[in-house]
Amino acid sequence: MSYQEIIKVATQRQGLYEFTREVETWVSEQEVTTGVCHLFAQHTSCSLTIQENADPSAKADLENWLNRLVPENDPLYTHTMEGPDDMPAHIKAILTNVSLSIPIVNGRLALGTWQGIYLWEHRHHAQQRRIILHVSD
Amino acid sequence: MSYQEIIKVATQRQGLYEFTREVETWVSEQEVTTGVCHLFAQHTSCSLTIQENADPSAKADLENWLNRLVPENDPLYTHTMEGPDDMPAHIKAILTNVSLSIPIVNGRLALGTWQGIYLWEHRHHAQQRRIILHVSD
Amino acid sequence: MSYQEIIKVATQRQGLYEFTREVETWVSEQEVTTGVCHLFAQHTSCSLTIQENADPSAKADLENWLNRLVPENDPLYTHTMEGPDDMPAHIKAILTNVSLSIPIVNGRLALGTWQGIYLWEHRHHAQQRRIILHVSD
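Encoded structure:
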């Protein structure tokens, strides 16, 4: 048995957008007791990550740290036609993840106590991001 | 057919802890000839990685390199309540992986000759880390 | 139902080698309408990544950026017996990915419009890299 869904995450600007609840809700509606939920972002300038969802300061530090590691307007860049945030976005995407696989135990997503699922938007402008969810047993 | 197990890895301090044998043993006991083994760490301050398991100097260099890239007491951090190693641990976790998917061929984990599976502990104090294993065909 | 194949990617030197078409062709030949394709590199000095495949300048910038972040002959390295490109190769591999999971929708690999699948070779000399493909429903 396997099930698929597309979740759209609307982003307004750079940053981490949590969508744990949307994934948990969809998983709980599928007829899978023991399985795996795969998430896949169909983009090259955002990423998927699992991180602490308790304290907003951790989220801000992650964003600021990655922005400092991969700054805009680096003279190294030659791919600059799509704006100063485009090449940093591609680099940030390869340093994080485009796919995640999370086990399902007793019909529920088996995240740890402090784990949340995030779409990490690396572009400045608002985007509609498409995440494919796939559950298999 | 799918099977699940929780492996606990006890860590004493920061560093890479190999647990390849535990995973291989468990996989070989499941009734799967052709499949995939998924590993998932239920934490936000450690990670899972596959790396060379032949020469201990490679392991030490990985640890030292990442510690230099993500130092403690960086004035950028605002999330400092849980100790100087906490925010670096979250950053290191997002730069590496929380989930791994390894194929099973002829009933055995299809690791390359030099590949080992590691729990990368990013905190200083001893921890009990929970890794969920899932095998599906 | 699950299927496996080994794809070999011949590399001549450092850099990103696209092999999207090989994966797409193989997936389209399997009898899976809804599923997941897992890719796994059996090596510790190359990686798998999904990135923009439209503009070659993005590819060049990714390579140059990572080479600058992880330079050769860093005095930090003690693992130097296998050549100046070996330890940087291990570090680059842990910062990117050794496994990828891509959904299959309507019998086809569900990559986004601009996404391509790449083998990222981190060594200087020519290599034969082995990628295990696994499709499950």
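Protein chains in written order, with my numbering: chain A, 1481 to 1617; chain B, 1481 to 1617; chain C, 1481 to 1617.
No residue lacks a Cβ here, since even glycine has one placed at the ideal position from N, Cα and C.
Being a predicted model, the structure only gives us computed values, none of them experimental.
I'd like to know if the stretch 1521-1541 of chain C and the stretch 1569-1584 of chain C are in contact, where contact means that at least 3 CB-CB pairs between them fall below 8 angstroms.
In short, these stretches touch, since the Cβ pair count reaches three.
Determine which residues of the stretch 1544-1564 of chain A have a Cβ less than 7 angstroms from any Cβ of chain E, and write them out in chain order.
This model lacks chain E altogether, as its protein chains are A, B and C.
Mind checking if V1615(B) is an interface residue toward chain C, Cβ cutoff 7 angstroms exclusive?
False, the Cβ-Cβ gap to chain C never drops below 7 angstroms.
Quick one: list the residues of chain B neighbouring V1578(C), beta-carbon separation under 7 angstroms, in chain order.
The contacting residues are I1530.
Using beta carbons (cut-off 7 angstroms, strictly below), is T1583(B) in contact with chain C?
At residue 1583(B) the sequence reads Pro, which differs from the Thr that was named. Yes - at least one Cβ of chain C is within 7 angstroms of the one on P1583(B).
For V1550(B), which of helix, strand or coil comes out of DSSP?
It is coil, neither helix nor strand.
Name the chain C residues whose beta carbon is nearer than 9 angstroms to that of S1537(B)?
Neighbours of S1537(B) on chain C, chain order: Y1557, T1558, H1559, T1560, M1561 and M1567.
How is the beta strand (DSSP E) around E1498(A) delimited, first residue to last?
Note, E1498(A): beta strand (DSSP E), G1495 to E1498.
If you run the structure through DSSP and keep just helix, strand and coil, what is S1525(B)?
S1525(B) falls in the coil class under three-state DSSP.
Tell me the rounded alpha-carbon separation between R1603(A) and W1594(C).
Whole-angstrom Cα-Cα distance: 15 angstroms.
Could you tell me which residues DSSP pairs with S1579(A) in its beta bridges?
Answer is F1520(A).
Determine the DSSP secondary structure at E1511(B), reduced to helix, strand or coil.
Note: E1511(B) maps to coil in three-state DSSP.
For R1493(C), is the classification buried or exposed, using 16 other Cβ atoms within 10 angstroms of its Cβ as the cut-off for buried?
So R1493(C) counts as exposed.
Can you tell me whether R1603(B) is helix, strand or coil according to DSSP?
Coil at R1603(B), not helix or strand.
For the stretch 1508-1530 of chain C, which residues have a CB atom closer than 7 angstroms to at least one CB atom of chain B, in sequence order?
Listed by position, the residues of the stretch 1508-1530 of chain C near chain B (Cβ gap below 7 angstroms) are H1518, F1520, Q1522, H1523 and T1524.
For A1521(C), which of G1596(C), V1578(C), H1559(C) and E1601(C) has the nearest alpha-carbon?
Nearest of G1596(C), V1578(C), H1559(C) and E1601(C) to A1521(C), Cα basis: V1578(C).
Hey, is H1604(C)'s beta-carbon within less than 7 angstroms of any beta-carbon in chain B?
No - not a single Cβ of chain B is within 7 angstroms of the one on H1604(C).
Going along chain B in order, which residues have a C-beta closer than 8 angstroms to the C-beta of Q1494(A)?
By Cβ distance, chain B contributes nothing, its closest Cβ being about 15 angstroms from Q1494(A), past 8 angstroms.
With C-beta atoms as the reference, is I1611(C) less than 7 angstroms away from I1487(C)?
Yes, they are a contact pair.
In three-state DSSP terms, what is T1505(B)?
Correct three-state label for T1505(B): helix.
Taking A1606(A) and T1505(A) to be in contact with their CB atoms under 8 angstroms, please state how far apart those CB atoms are, rounded to whole angstroms.
At roughly 24 angstroms, the Cβ-Cβ gap does not stay under 8 angstroms, so A1606(A) and T1505(A) are not in contact.
Identify each residue in the stretch 1590-1603 of chain B for which the Cβ-Cβ distance to at least one residue of chain C is less than 9 angstroms, and report them in chain order.
Cβ contacts with chain C come from A1590, L1591, G1592, T1593, W1594, Q1595, G1596 and W1600.
Can you check whether the C-beta of L1575(B) is within less than 7 angstroms of a C-beta belonging to chain A?
By this cut-off, L1575(B) is an interface position.
Is it right to say P1583(C) is buried, meaning 16 or more other beta carbons lie within 10 angstroms of its own, or is it exposed?
So P1583(C) counts as buried.
Please compile the residues from chain A whose C-beta is within a distance smaller than 9 angstroms of the C-beta of A1431(C).
Residue 1431(C) is absent from the model: chain C starts at 1481 and stops at 1617.
Since L1496(C) and E1543(C) are thought to touch, with beta carbons under 8 angstroms apart, how far apart are those beta carbons, to the nearest angstrom?
Yes, they are in contact, since the Cβ atoms of L1496(C) and E1543(C) sit about 6 angstroms apart, within 8 angstroms.
Using 7 angstroms as the limit for Cβ to Cβ distance, is Q1484(B) near chain A?
So yes, Q1484(B) belongs to the interface.
Rounded to the nearest angstrom, what separates E1509(B) and T1513(A) at their Cα positions?
E1509(B) and T1513(A): Cα-Cα distance of roughly 21 angstroms.
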